[in-house]
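**Student:** Sharing a structure below in structure tokens format, with a few things to ask.
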Amino acid sequence: MSAVAKHNPASSVVLLREAQTRGFEVFFTRRPDEMPFLGETYCFPGGSVHEGDYADGMLCRCRGLSPADGRKIIGAHLPARQALGFWIAAIRMLFEEVGVLFAIKETGEPITWNAELQVQLLEKRAAFRNGSLTFQSLLESENLFCDAAGLAYFSHWHTPATPSSNIDTYFFLAAMPEPQTLLDTASEITRGRWLAPDRALQLFNRGELPIAFSTFASLRTLADFDDVKNLLKEFQPKFT
Numbered sequence: 000m001s002a003v004a005k006h007n008p009a010s011s012v013v014l015l016r017e018a019q020t021r022g023f024e025v026f027f028t029r030r031p032d033e034m035p036f037l038g039e040t041y042c043f044p045g046g047s048v049h050e051g052d053y054a055d056g057m058l059c060r061c062r063g064l065s066p067a068d069g070r071k072i073i074g075a076h077l078p079a080r081q082a083l084g085f086w087i088a089a090i091r092m093l094f095e096e097v098g099v100l101f102a103i104k105e106t107g108e109p110i111t112w113n114a115e116l117q118v119q120l121l122e123k124r125a126a127f128r129n130g131s132l133t134f135q136s137l138l139e140s141e142n143l144f145c146d147a148a149g150l151a152y153f154s155h156w157h158t159p160a161t162p163s164s165n166i167d168t169y170f171f172l173a174a175m176p177e178p179q180t181l182l183d184t185a186s187e188i189t190r191g192r193w194l195a196p197d198r199a200l201q202l203f204n205r206g207e208l209p210i211a212f213s214t215f216a217s218l219r220t221l222a223d224f225d226d227v228k229n230l231l232k233e234f235q236p237k238f239t
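Residue numbers (numbering that gives the first Met the number 0): 0 to 239.
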């Protein structure tokens, strides 16, 4: 009797920005060659969902989407709180890996980005990345809340990691928030680059951009759209 494969839930973010001429670009991170899973490949930022992502304290730090809404969007097979945890994990990992933070004030108003806040977040991101500060504590210290409405659910993929485990990944779309900029990447990433979907597919076909099938399929879908606005409009939740 074969063992049941271990389930590893994960979130990934397709970060988007308008191109200088026409169309839009997506951000890729390159995983180090020595990583056992998807080493050498270009991926979208993301990582594992932790139980802390849908703990009571973390759910209280989320705005723009309720646990029930999250369950409606990504499937009734998940408990509501765990469903919303995929959005929170995506926001957490995006900040950890590339320094982009989808957060708002308690009122739902956007954050006023200035030099002082940038310095504070840089310092706390360093503590967050070395494990001396939790993401929840970081948000609480600045009285910030995850902006779940800033991420639109895109797709869901099961990716075999090993014969005994699989990665169950939910992909989200998000426009690069202004005036934020990408910061230094995390240790799990060796390189980041912006590419238009068509250009990325060209490089893949020439063997110059190693990507997983889920990334390839995502690019095929993204290539059908002309701009970020229409893309996000297509994938924003439509409740009945």
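Just so it is clear, CB atoms sit at the ideal spot from N, CA and C, and this is done for glycine as well.
Just to confirm, are L172 and L120 a CB contact at a threshold of 8 Å?
**Tutor:** Going by C-beta atoms, L172 is not nearer than 8 Å to L120.
**Student:** Quick one: Cα of S11 to Cα of Y169, how far?
**Tutor:** Spanning the two alpha carbons is a distance of roughly 6 Å.
**Student:** Do R62 and I90 have their beta-carbon atoms positioned less than 8 Å apart in this structure?
**Tutor:** No; because the gap between Cβ atoms is not below 8 Å, this pair is not in contact.
**Student:** Do Y41 and L208 come within 8 Å of each other at the CB atom, strictly closer than that value?
**Tutor:** Yes.
**Student:** Can you give the Cα-Cα distance for D197 and R219, rounded to whole angstroms?
**Tutor:** If you take the alpha carbons of D197 and R219, they lie about 8 Å apart.
**Student:** What does the Cβ neighbour count give for V118, buried or exposed, with the cut at 16 atoms within 10 Å?
**Tutor:** The residue is exposed, with fewer than 16 neighbouring Cβ atoms inside 10 Å.
**Student:** Nearest-angstrom Cα distance between D68 and P44?
**Tutor:** Distance between the alpha carbons of D68 and P44: 24 Å.
**Student:** Can you give me the Cβ contacts of W156 inside the same chain, cut-off strictly under 6 Å, excluding the 5 residues immediately before and after it?
**Tutor:** Hits under 6 Å: T168 and S213.
**Student:** Just mark P74 as buried or exposed, buried being the case when its beta carbon has 16 or more other beta carbons within 10 Å.
**Tutor:** In the sequence on display, residue 74 carries Gly and not Pro. It counts as exposed.
**Student:** Which class does A54 belong to by DSSP, given the choice of helix, strand or coil?
**Tutor:** Here A54 sits in coil by DSSP.
**Student:** Below 8 Å on the Cβ atoms is my contact criterion, and I expect F215 with C145 to pass it. Report the Cβ-Cβ distance as a whole number of Å.
**Tutor:** Between C145 and F215 the Cβ distance is about 29 Å, and since that is not below 8 Å, they are no contact.
**Student:** Does L100 come out as helix, strand or coil in the three-state DSSP assignment?
**Tutor:** L100: coil per DSSP, three-state reduction.
**Student:** With D240 as the anchor, note down where its beta strand (DSSP E) starts and where it stops.
**Tutor:** The requested residue 240 is not part of the displayed model; the chain covers only 0 to 239.
**Student:** Starting from T28, trace the alpha helix (DSSP H) in both directions and tell me its first and last residue.
**Tutor:** Element bounds for T28: not the alpha helix (DSSP H) but the beta strand (DSSP E), F23 to R29.
**Student:** Of the residues T133, R30 and V13, which one's Cα is nearest the Cα of L221?
**Tutor:** The shortest C-alpha separation from L221 is found at V13.
**Student:** Assuming F234 contacts F153 under a Cβ cut-off of 8 Å, what Cβ separation, rounded to an integer in Å, is found between them?
**Tutor:** With 8 Å as the limit, F234 and F153 qualify as a contact, their Cβ atoms being about 6 Å apart.
**Student:** I need the boundaries of the beta strand (DSSP E) containing S47, first residue and last residue.
**Tutor:** Looking at the DSSP string, the run of the beta strand (DSSP E) that includes S47 is G45 to S47.
**Student:** Quick check on this structure: which residue in P8, N7, H6 and A18 has the alpha carbon closest to the alpha carbon of D226?
**Tutor:** Looking at the Cα atoms, A18 is the closest of the given residues.
**Student:** Please determine, among S65, A126, A79 and L77, the residue with the shortest C-alpha to C-alpha distance to F94.
**Tutor:** Residue A126 is the option with its Cα nearest to F94.
**Student:** By the three-class DSSP mapping on this structure, what secondary structure does S213 have?
**Tutor:** Looking at S213 - three-state DSSP - the assignment turns out to be helix.
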